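With the first letter of the sequence shown counted as 1, position 78 gets the number 84 in our numbering; the numbers rise by one all the way through.
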Amino acid sequence: MVLFIFLDGTRYWKHNAKESNEKKYSNWNPPHSQSNAIDIELTSYILMNYAMNNDVENGLPVLRWLTSQRNPNGGFASTQDTIIALQALAEFAGEIYSNDFNMEITIKSLKGEKFEDKHIITRDNALVLKVFEVPTGVEELTVFAKGKGVSLAEVAVYFYTADDIKTSAFDINTTISEETTKGLRLQVCGRWRQEGETGMSIMEIGIPSGMTPDYESLDFTLAPEYKRKEELFRKLVLYFDKFDAQEQCVSLNIVRTDRVAELQPSPVRIYDYYEPSKFYLRK
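So, in structure tokens, the structure goes:
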């Protein structure tokens, strides 16, 4: 099911939406409430459609929502949705671009420590990112704009929190058997701990230094949702259609090729491809 949502002047589409009693804000997205990658991809394709049809009026609310989902580094939830979202933003930017671009932006504090910063934006510097640090004593910022053009102002807030998420999204169990001087047999099992099931998910198995995986020994008998693998440097990447409460297990032989002193633990990680923030890491 796809749900159309209009919130505080923004517009977006949500895949497999579930009702929530948690209040939503268009201008504040802590990590636990951010939209997942599939919602960002879906909304990006719709913005591309508005750009293709020169529909600026309907596209602007979508643009507002999409830009509000970016992290402070300019990316989104995952690599895939970042590529699609940036393409959509670039295509729509072509529809609202004006040769007669001249704006004066003033940011100032109205509460707390005094602060003011002013920028003149023209065609010559419109693509230059302007970054400034706000003093910690500022309690409220107001942005004043005049002139002609379209600009985006974002505020990134960094802070520490005492309470972390109490329950992990996945669970991982690793078992080593048949360990000899020549190598070992490794079994990795994972399951989904939350309600329902995931979409496509990734299991990454780190390979210790001085050892090499025997890919011919891979056993997926207990992993019915396994689809394919990628062999990367010091890492085996396995793709699954989904994970649910039923545990899935993969096993393989790892052969010792060199003796390494002070060998460090290798990580095993499972995460939702479309929501990378939902993961579990074990060493």
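Just so you know, even glycine gets a beta-carbon here, dropped at the ideal spot from N, CA and C.
This structure is a prediction, so every number in the text was calculated from the model and none was measured.
When C-beta atoms of the segment 115 to 132 are compared with those of the segment 56 to 69, fewer than three pairs fall below 8 angstroms, so the two segments do not count as touching. When Cβ pairs closer than 8 angstroms are counted between the two stretches, the segment 249 to 259 is seen to touch the segment 214 to 221, the count reaching three or more. For the pair Ser183 and Leu269, the CB atoms are not nearer than the 8 angstroms cut-off.
The DSSP-derived three-state label of Ile11 is strand.
The C-beta of Gln254 has 16 or more other C-beta atoms within 10 Å across all chains shown, which makes the residue buried. In its chain, beyond the 5 residues on either side, Ile90 and Ala94 have a beta carbon closer than 8 angstroms to the beta carbon of Tyr51.
Along the segment 81 to 151, the alpha helix (DSSP H) occurs as fully enclosed runs of 4 or more residues at 85 to 102, listed in sequence order. Secondary-structure assignment with DSSP links Asn42 through no beta bridge to anything. Contact annotation: the segment 236 to 253 touches the segment 194 to 211, with at least three C-beta pairs closer than 8 angstroms. A distance of 8 angstroms or more separates the beta carbons of Ser283 and Ile213. Judged by DSSP in its simplified three-state form, Pro67 adopts helix.
If the five residues before and after Phe226 are omitted, its C-beta is found closer than 8 angstroms to the C-beta atoms of Tyr232 and Val256, all from its own chain and listed in chain order. Assigned with DSSP and collapsed to three states, Ser283 falls in strand. In the DSSP assignment, Tyr232 falls within the unbroken beta strand (DSSP E) covering Tyr232 to Leu238. Nearest in C-alpha terms to Ala151, of all of Ile127, Glu110 and Asn79, is Glu110. Contact annotation: Thr181 and Gln193 have beta-carbon atoms nearer than 8 angstroms. For His125, the closest C-alpha among the options Ser157, Gly143, Glu210 and Tyr103 is that of Ser157. Here DSSP, grouped into helix, strand and coil, assigns Met54 to helix. Where Glu185 is concerned, the enclosing beta strand (DSSP E) starts and stops at Phe176 to Thr186. Distance between Val140 and Met209, taken at the CA atoms: about 40 angstroms.
DSSP, reduced to helix, strand and coil, places Val62 within a helical segment of the structure shown.
DSSP, reduced to helix, strand and coil, places Ser223 within a strand of the structure shown.
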